[in-house]
Amino acid sequence: MNARSSRGAGSRYGASPLHLLLVLASFALTGYAGIRLLQGDVLGIVLWFAGSALLHDLLLLPLYTAADRTLQTLARRRHARRGPHAGGEVHAADEPGQDGHGRGRVNYVRVPAFISLVLLLVWYPLVLGRVHHYTAYTGLDAGVFWGRWLLVTAALFVLSALCLAVRTLRPRRRRADAGTA
Amino acid sequence: MGSSERSRSPRPAPGRRDRARHGPGQGEGEGTPPGAPPGTRPAAGRVPPGPSRPGFWRSPLRGPWLTSVLGAVLLAGVTALIVTGLLSYAAYNPGLGTPNDKTPDKGWLGFYLFAWPTDPPWLYRLTQGVHVTLGVALVPVLLAKLWSVIPKLFAWPPLRSLSHALERVSLLLLVGGALFEFATGLLNAQLHYIFPGSFYPLHFYGAWIFIGAFVVHVAFRIPLAWRTLRGGRLRAELRTPLARTEPEPPDETGLVTPRPAPPTISRRGSLGLVGAGSLALLAVTAGQSIGGPLRETALLAPHNRDPGPGPNGFQINKTAAAVGIRARDISDRWRLTVRSGDREAVLSRAELLELPQHTAALPIACVEGWSTEDQQWSGPRLTTLAALVGLRERPPGVFAESVQRRGSFRSAALRENQVRDPRSLLALRVNGADLSADHGFPARIIVPANPGVHNTKWVTRLTFGAES
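Chains as they are written, first to last, in my numbering: chain A, 340 to 520; chain B, 3 to 470.
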């Protein structure tokens, strides 16, 4: 970004004049649209606009990162308790740091959980029954979404369990080159 | 998403291992800002502990390559969202003034508006179905992109120069704008009107703020993304399993951690994860826009079932009861008034049925993204009704008003190209039966490629040559 900064005003600004022009042009458009956006509930709209970024960056992302770390810790503890050589399957692939197989097992929970949660994130008003006039407006039963989401979630975890079972039961020699995930 | 932040698994001291792998001068420790040239080592105490330390973020997947791939997908996808969104705005014909125009103070932001065509009749079905379904499917990509650049949010020092300060403001508009647009769009598609105001001005003006920041961001980042993506790295990454997944070499972007944790997922795996999320969303959504037997596959989308059997058993935007239509509003005493200037004709439904009847196969397509297959509508043409009040040649536009007394779309103006299309009807029957109350009995407008809410239901007055 700063590669082309030159001496004088340019170096004080920290980037090329083209950078400045483009940013200012975009801010002018923001001002033009922003004045129009903020007709009405100014505080509410500002809160939604800036709040959505803060909510994501400072709440949602730390939350799912923490959840993912917890999941990994649990997976590691279980791995350590059973020992990498448990079950008579002595294999280099199960050594953490040597091969991804041991570490990659966490993905059998991570993938279905991610898909299920992203479905919930997008369709939560219907899934959690927040849209009280849905039936009055559309003539359709609002009660189906919660059960469907649970069934989809169940199906995702069952599918993942089947994949894990297939991988675990697969002949050992083929695992040497098994590219986990 | 593939991270193992601050993992405590046993590993060599961070500095030594990184130097061994990437050469001297990089990854000295947590206090070194990303991109610091070799030899410069700011006092570690100056960077506050926590997420501002480069070593705080430990996913080995983060780096310019992953961010560039996600950015390239978003560049294509968001551009399609912008184009289809601006088309949807034009489809409402806001140039005809109130009530079509939900943003009367738009000024130059409507510079590109044009008369919305009636051909092909499925045009709005396509553009708006793509807009909403694609927006839904891009949610995981957007989340992944934001995850991939999160260290930049906490970069230290927070403001390096004036240009850096301006860019950070622009990035707030970019991220805030993207999340605002996705949130308002997704909520509106689910009839969950909790956002602070009317959907149309919020989503339209918010889009222009986002577009401004998006263009700046693309212009600034496309050279780096292009350099990162060319050279066939994608093919190599798609062949790299977890066991051989390595952190990217340190660079000036500040995305690569100097203290990588052991990977728990490969880069191809993380892209597969995002793609699986998008495909799952596509699978539980697209059916409401495709219709037919696929409608029922849209497990979580709002218009995923037919409301009932029979000729009127297709999707309803708002039922008669929901907008306060009373039995006496649409009883035998209902009359249609057709006007042009001081000429006026008043017709009962029986008289309308005696006019020449025409049939048109047309869909209903809603701004919320759902649509129906073609329905067989029949009734007099709008041109026939114009002729009743003396407009036999080249009739002008018409303003249609409903008996509905509340709600925002109880009247709409149609442009002359819409009135003159031979498939534009005042429909009295659909699929061989009388209209149901929920579909606009006694009479409704149906115009090819028109947004659903402009196909006014329970019509009681048509004023030719008027826009409001």
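Ideal Cβ positions, reconstructed from N, Cα and C, are used throughout, including at glycine.
It should be emphasised that the depicted structure is a prediction, and the values quoted were computed from it without experimental measurement.
Closest to residue i by C-alpha separation, out of the options, would be which residue?
| i | options | result |
| --- | --- | --- |
| leucine 275(B) | Trp210(B), Leu145(B), Val455(B) and Ala322(B) | Leu145(B) |
| glycine 2(B) | Gly390(A), Leu498(A), Leu458(A) and Leu467(A) | Nothing in the structure corresponds to residue 2(B), since chain B is present only between 3 and 470. |
| histidine 194(B) | Glu370(B), Pro397(B) and Asp376(B) | Glu370(B) |
| glycine 312(B) | Gln378(B), Ala324(B), Arg269(B) and Leu281(B) | Gln378(B) |
| glycine 399(B) | Leu430(B), Arg127(B) and Phe466(B) | Phe466(B) |
| asparagine 419(B) | Arg270(B), Ile366(B), Phe116(B) and Leu364(B) | Phe116(B) |
| leucine 428(B) | Leu188(B), Ala439(B), Ser373(B) and Leu355(B) | Leu355(B) |
| glycine 199(B) | Val143(B), Phe212(B), Thr105(B) and Trp124(B) | Thr105(B) |
| threonine 100(B) | Phe443(B), Ile448(B) and Ala415(B) | Ala415(B) |
| aspartate 308(B) | Pro153(B), Ile211(B), Asn102(B) and Gln290(B) | Gln290(B) |
| proline 51(B) | Pro243(B), Arg269(B), Trp158(B) and Lys320(B) | Trp158(B) |
| serine 355(A) | Arg48(B), Ser163(B) and Ala93(B) | Ser163(B) |
| glycine 315(B) | Leu479(A), Pro510(A) and Ala500(A) | Leu479(A) |
| threonine 120(B) | Arg463(B), Asn457(B) and Ala468(B) | Asn457(B) |
| tyrosine 403(A) | Leu361(A), Ala392(A) and Arg449(A) | Arg449(A) |
| arginine 408(B) | Thr299(B), Lys459(B) and Asn306(B) | Lys459(B) |
| cysteine 502(A) | Pro451(A), Val461(A), Tyr463(A) and Trp485(A) | Pro451(A) |
| tryptophan 210(B) | Leu359(A), Asp380(A), Ala367(A) and Leu508(A) | Ala367(A) |
| isoleucine 474(B) | Leu413(A), Val381(A) and Asn446(A) | Past the edges of chain B, shown from 3 to 470, lies residue 474(B), and the structure says nothing about it. |
Can you name the residues of chain A whose CB is closer than 7 Å to the CB of residue i?
| i | result |
| --- | --- |
| tryptophan 149(B) | Leu400 |
| tyrosine 207(B) | Ala372, Arg375 and Leu376 |
| serine 172(B) | Val362 and Ser365 |
Less than 8 Å between CB atoms is the rule here; does residue i satisfy it with respect to chain D?
| i | result |
| --- | --- |
| valine 362(A) | Chain labels in this structure do not include chain D; the protein chains are A and B. |
Can you tell me where the alpha helix (DSSP H) with residue i in it begins and where it stops?
| i | result |
| --- | --- |
| valine 286(B) | Valine 286(B) -> no alpha helix (DSSP H), and no H or E assigned at all. |
| valine 461(A) | 446-466 |
| alanine 439(B) | Note, alanine 439(B): premise wrong, no alpha helix (DSSP H); not H, not E. |
| arginine 223(B) | 201-231 |
| serine 391(A) | 381-394 |
| alanine 494(A) | 483-508 |
| valine 449(B) | That residue, valine 449(B), is in no alpha helix (DSSP H); it is neither H nor E in DSSP. |
| phenylalanine 466(B) | Not the alpha helix (DSSP H): phenylalanine 466(B) falls in the beta strand (DSSP E), residues 461-466. |
| leucine 164(B) | 164-191 |
| leucine 301(B) | That residue, leucine 301(B), is in no alpha helix (DSSP H); it is neither H nor E in DSSP. |
| lysine 154(B) | 152-155 |
| arginine 330(B) | Careful: arginine 330(B) lies outside any alpha helix (DSSP H) and carries neither H nor E. |
| isoleucine 374(A) | 356-376 |
| glutamate 239(B) | 235-240 |
Closer than 8 Å by beta-carbon distance: list the chain A residues that pair up with residue i, in chain order.
| i | result |
| --- | --- |
| arginine 394(B) | Residues of chain A passing the Cβ test: none, with the nearest at roughly 40 Å. |
| valine 286(B) | Leu458, Trp462 and Val491 |
| lysine 108(B) | Arg375 |
Would you mind telling me which residues of chain B sit closer than 7 Å to residue i, beta carbon to beta carbon, in chain order?
| i | result |
| --- | --- |
| serine 391(A) | Gly178, Leu181, Phe182 and Ala185 |
| glycine 478(A) | Pro309, Ile318, Thr321 and Asp440 |
| glycine 373(A) | Ile211 |
| leucine 465(A) | Gln192, Leu302 and Pro304 |
| glycine 379(A) | Gly199 |
In chain B, which residues lie less than 8 Å from residue i when you measure between Cβ atoms?
| i | result |
| --- | --- |
| tryptophan 485(A) | Here the premise fails: no neighbours, minimum Cβ distance about 10 Å. |
| histidine 472(A) | Leu193 and Ala324 |
| leucine 305(A) | Chain A is shown only over 340 to 520; residue 305(A) falls outside these bounds and no answer can be derived. |
| alanine 475(A) | Thr321, Ala323 and Ala324 |
Any heavy atom of the ligand COA inside 7 Å of the beta-carbon of residue i?
| i | result |
| --- | --- |
| tryptophan 228(B) | Inclusion of the ligand COA in the displayed structure is not the case, the ligand content being empty and no account of it being possible. |
For residue i, which residues in the same chain have their Cβ closer than 7 Å to its Cβ, ignoring the five residues on either side in sequence?
| i | result |
| --- | --- |
| serine 215(B) | Checking the displayed sequence, the identity of residue 215(B) turns out to be alanine instead of serine. Cβ within range, chain order: Ser172, Leu175, Leu176 and Gly179. |
| leucine 376(A) | Ile384 |
| glycine 294(B) | Glu375 |
| leucine 390(B) | Val340 and Ala347 |
| histidine 418(A) | Gly441 |
If I measure Cβ to Cβ from residue i and keep anything under 8 Å in the same chain, skipping five residues before and after, which residues do I get?
| i | result |
| --- | --- |
| glycine 208(B) | Gly179, Phe182, Glu183 and Thr186 |
| serine 90(B) | Tyr126, Thr129, Gln130, His133, Val369 and Pro453 |
| alanine 504(A) | none |
| phenylalanine 411(B) | Pro101, Val455, His456 and Thr458 |
Closer than 6 Å by C-beta to residue i: which residues in its own chain qualify, once you throw out the five before and the five after it? Chain order, please.
| i | result |
| --- | --- |
| arginine 425(B) | Ala362 and Pro450 |
| phenylalanine 156(B) | Pro53 and Ser54 |
| glycine 97(B) | Leu115 |
| glutamate 239(B) | Arg269 and Arg270 |
So residue i contacts chain A; which residues on that side make the cut at Cβ distance below 9 Å?
| i | result |
| --- | --- |
| lysine 154(B) | By Cβ distance, chain A contributes nothing, its closest Cβ being about 11 Å from lysine 154(B), past 9 Å. |
Quick one: give me the first and last residue of the beta strand (DSSP E) that residue i is part of.
| i | result |
| --- | --- |
| arginine 345(B) | 345-349 |
| histidine 360(B) | 360-364 |
| threonine 339(B) | 338-342 |
List, in chain order, every chain B residue whose beta-carbon is nearer than 9 Å to that of residue i.
| i | result |
| --- | --- |
| arginine 469(A) | Gln192, His194 and Ile196 |
| leucine 359(A) | Leu164, Ser165 and Leu168 |
| histidine 418(A) | Residues of chain B passing the Cβ test: none, with the nearest at roughly 11 Å. |
| glycine 383(A) | Phe197, Pro198 and Gly199 |
key: Residue ranges of each alpha helix (DSSP H) within the region 242-295 of chain B, 4 or longer   = Qualifying alpha helix (DSSP H) stretches, in chain order: 269-285 and 289-292.
ask   = Of all the beta strand (DSSP E) runs that stay within the bounds of the region 379-445 of chain B, which reach a length of 3 or more residues?
value = For secondary structure counted as the beta strand (DSSP E) over 3 or more consecutive residues, the region 379-445 of chain B holds these complete runs in sequence order: 400-404, 413-416 and 427-429.
task = Pick out the complete alpha helix (DSSP H) segments inside the region 57-133 of chain B, 4 residues or longer, and give them in chain order.
result = DSSP runs (the alpha helix (DSSP H)) wholly in the region 57-133 of chain B: 66-93.
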